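This report refers to the structure that appears directly beneath it.
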Amino acid sequence: MSDTLRISFEDKYGLQPDLIVSSPGRINLIGDHTDYNDGLVLPAAIDKHLELAFLRNDSEIVNVESRDFDQSFSCKHNIEVVEHDGWSSYLESVLVILGKHGHQIGGCDIVFGGNIPAGAGLSSSAALNCGLIFGIGKLFGLELSDLDVITMAQEAEHLIGLKCGIMDQFAVLHGKENCFIELDCRDLSFKLYSSDFAEHSIVLLDTRVKHKLTESAYNRRRQECEEVLTAIKSFDNTVTSVRDIQECHLDKAIDKVDPMSLRRVRYVLNENQRVTEAGKALLEKNYNRLGELLFESHKGLSEEYEVSCTESDFLVALAMENAHVIGARQMGGGFGGCIITIIKKGFE
Ligand code: GLA
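If you use my numbering, the sequence shown corresponds to residues 293 to 640, in order.
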């Protein structure tokens with residue numbers, strides 16, 4: 293792909309780019325809606341990716357072309373607010389956040405494109421934000437650490453409305469070939485597991501229901517969890533995040549919060565446990581147990597956390613009836629996008 297990207301760049305700007313950055317999408321085996329609750333996740337970077345080409349242009353202007361949308365956008369490098377919608381808002385947001393952190397940059401020309409389907413739950417937006425920040429950082433010698441890129445990419449997402457956790461950006465920067473990453477989102481410690489399942493394949497099924505997370509109930513779910521946390525902190529100050537909540541806390545909070553919010557938190561606590569168990573199953577190569585955990589996770593996402601949709605529930609129900617599919621669940625932010633399945637090789 294980088295050859296066609298170079299050609300597009302030269303066609304557009306008449307020069308060769310200085311730098312090409314590749315930024316992957318991600319899947320998540322298990323552990324959804326746990327990251328912003330300081331919990332556990334098990335994502336992997338994938339081969340579907342974006343490529344971004346960069347060159348400094350000695351002006352005040354950042355020009356960017358999206359090959360996939362066949363659209364261009366330009367703005368000053370030192371903007372302080374995001375003014376547009378759509379894909380260009382990601383560039384604007386990244387520039388605002390770089391400025392907010394005091395990073396001095398100048399004008400540059402960018403072309404990007406790739407094969408991560410948008411709205412499918414594969415984190416095309418994290419790939420774009422991370423790719424832009426990483427590339428601009430290199431181009432202007434900003435000496436950003438991986439963690440700088442990760443946290444600024446997350447902040448850029450927050451700025452345009454999605455109060456996401458850190459899983460996607462972490463997977464983009466720390467993904468390793470053929471590995472799942474079990475990440476503790478509280479202290480960012482992680483373990484790697486092989487994604488070679490010998491007799492089973494991981495297959496994604498795209499519901500084609502396009503989720504737009506900022507317009508969905510994603511942020512509301514986060515608020516519901518925070519509401520329970522605040523209530524529990526009022527009588528136990530050793531609890532600092534949803535991660536620390538125990539059954540006894542939930543019993544005591546019953547009269548203080550909406551029962552629906554308690555259900556959300558119960559899901560998060562169970563999902564954290566499932567991630568730990570999934571790590572163990574991966575080590576023991578116990579793929580049948582892993583598959584059961586995926587089905588349990590889906591039940592929680594659908595009935596307790598309520599972030600599934602009819603189409604995802606339908607596909608998971610079909611998967612459960614099929615003897616060759618050992619696990620399936622709604623993946624990522626939810627409300628559509630892909631379901632992730634584990635299928636016996638030869639029956640994919
Ligand atoms: C989106 C967010 C992530 C995470 C998942 C759900 O992908 O960007 O931070 O919360 O949803 O697990």
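Where is the CB? At the ideal position from N, CA and C, for every residue including glycine.
Bear in mind the structure is a predicted one, so any value in this text is a computation, not a measurement.
Entirely within the region 471-543 and at least 3 residues each: give me those beta strand (DSSP E) ranges in chain order.
-> Counting whole runs of 3 or more residues, the region 471-543 contains the beta strand (DSSP E) stretches 471-476, 482-486, 492-498.
Under the rule that 16 or more other beta-carbon atoms within 10 Å means buried, what is histidine 325, buried or exposed?
-> That one is buried.
beta-carbon cysteine 456 near the ligand GLA non-hydrogen atom, thresh 6 angstroms | It does: the Cβ of cysteine 456 is within 6 angstroms (strictly closer) of some heavy atom of the ligand GLA.
Skipping 5 residues on each side, what residues in its chain have a beta carbon closer than 7 angstroms to that of glycine 457?
-> So the qualifying residues of the chain are Asp327, Tyr328, Cys477.
Run the CB neighbour count on glutamine 461, radius 10 Å, all protein chains shown included, and call it buried at 16 or more, exposed below.
-> Burial of glutamine 461 is indicated by the presence of at least 16 other C-beta atoms within 10 angstroms of its C-beta.
In chain order, what residues of the same chain have a beta carbon less than 6 angstroms from the beta carbon of cysteine 601, not counting five sequence neighbours either side?
-> Residues Val501, Phe627, Gly628 of the same chain have their beta carbon placed closer than 6 angstroms to that of cysteine 601, with the five preceding and five following residues left out of the count.
Reference tyrosine 485; option with closest CA among Pro335, Ser437, Asp303, Gly411 | It is Pro335.
Phenylalanine 527, buried or exposed, once every other Cβ within 10 Å from all chains shown has been counted against 16 = That one is exposed.
Contacts around glutamate 516, its chain only, beta-carbon distance under 6 angstroms, and the 5 residues preceding and following it disregarded | Closer than 6 angstroms at Cβ, skipping near neighbours: Ser553, Arg556.
Within 10 angstroms of its Cβ, does valine 373 collect 16 or more other Cβ (buried), or is it exposed?
-> Burial call: exposed.
Nearest-angstrom Cα separation, counted from glutamate 584 out to asparagine 578 = About 10 angstroms.
Quick one, are the C-beta atoms of isoleucine 322 and serine 589 less than 7 angstroms apart?
-> Contact: yes.
Any heavy atom of the ligand GLA closer than 6 angstroms to the Cβ of glycine 624?
-> Yes - the ligand GLA has a heavy atom lying nearer than 6 angstroms to the Cβ of glycine 624.
Segment contact, 8 angstroms Cβ cut-off, at least three pairs: the region 629-636 with the region 493-500 = Counting Cβ pairs under 8 angstroms, three or more are found: they touch.
Residue from Gln538, Val549, Asp536 with nearest C-alpha to alanine 523 | That would be Val549, whose Cα lies nearest to the Cα of alanine 523.
Could you pull the start and end residues of the beta strand (DSSP E) that isoleucine 458 belongs to?
-> Unbroken run through isoleucine 458: none, as it is neither H nor E.
Given a threshold of 16 other Cβ atoms within 10 Å of its Cβ, counted over all protein chains shown, does phenylalanine 606 qualify as buried or as exposed?
-> Answer is exposed; the Cβ neighbour count stays below 16.
Under three-state DSSP, which class holds isoleucine 408?
-> Assignment of isoleucine 408 by DSSP, reduced to helix, strand and coil, places it in the coil class.
Where phenylalanine 606 falls: helix, strand or coil (DSSP) = In this structure, phenylalanine 606 counts as helix in the three-state DSSP scheme.
With hydrogens ignored, establish whether the beta-carbon of aspartate 327 is closer than 6 angstroms to any heavy atom of the ligand GLA.
-> Because some heavy atom of the ligand GLA lies under 6 angstroms away, the Cβ of aspartate 327 counts as near it: yes.
Residue burial classification, glutamine 538 (beta-carbon count within 10 angstroms, cutoff 16) = Counting other Cβ atoms within 10 Å of its Cβ, glutamine 538 stays below 16 and is therefore classed as exposed.
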